[in-house]
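Beneath this line is the structure, given in structure tokens, with notes to follow.
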Amino acid sequence: MTQIIQRYFDAFNAGDTDAMLDCLSEDVAHHVNEGKIRTGKALFAEFNDHMTRCYKELLTDMVIFVSPDGRRAAAEFVVNGSYLATDEGLPEARGQTYRLPAGSFFDIDEDGLICRVTTYYNLADWVAQVSK
């Protein structure tokens, strides 16, 4: 199951939402940091469109962990980004760069697709970095 998680992150780093969607089940539950749960590929794609407009990010220092039964996985990584356009409720974007640790957690369904994505990072750290 490491392969589906690696494919997901490779697609993320390539900015390829369609390839990310190929890794997901139709009813994927997307738990975003500091946000509401979005269910389904359409809402996941909508979220990615928004993120692509506001941020340019590259994930590095990736370590992927998979449970022995292959049904759950986690990844730890560093987000290296640029803040491109002001996101509602957040500081004004001026092309600021940021670097922060983050993690994602996954459930994998019986078809080998990701059916839950949960991502965490320290929002206060991010705000401090882009507010300088």
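Residue numbers for the sequence shown follow full-length UniProt numbering, so the first one is 1 and each next one is one higher.
By construction, the Cβ of each residue, glycine as well, lies at the ideal position given by its N, Cα and C atoms.
Alpha carbon of residue i to alpha carbon of residue j, nearest angstrom
i: residue 64; j: residue 16; result: 20 Å
i: residue 57; j: residue 67; result: 27 Å
i: residue 93; j: residue 34; result: 19 Å
i: residue 31; j: residue 115; result: 11 Å
7 Å CB neighbourhood of residue i in its chain, flanking five on each side removed
i: residue 5; result: 64, 73, 75, 106
i: residue 2; result: 64, 66
i: residue 61; result: 77, 78
Residue i vs residue j beta-carbon contact at 7 Å
i: residue 100; j: residue 121; result: yes
i: residue 41; j: residue 26; result: yes
i: residue 127; j: residue 96; result: no
i: residue 133; j: residue 59; result: An answer regarding residue 133 cannot be provided, because it is not within the stretch 1 to 132 covered by the chain.
i: residue 28; j: residue 44; result: yes
Same chain only: Cβ atoms within 6 Å of residue i, ignoring 5 sequence neighbours per side
i: residue 7; result: 23
i: residue 53; result: 85
Beta-ladder partner(s) of residue i, from DSSP
i: residue 118; result: 31, 105
Residues near residue i in its chain [Cβ-Cβ closer than 8 Å; skip 5 each side]
i: residue 49; result: 17
Problem set entry | Residue ranges of each beta strand (DSSP E) within the UniProt domain "SnoaL-like" (5-116), 3 or longer | If we require 3 residues or more, the beta strand (DSSP E) runs fully inside the UniProt domain "SnoaL-like" (5-116) come out as 24-31, 37-39, 55-66, 72-83, 97-108.
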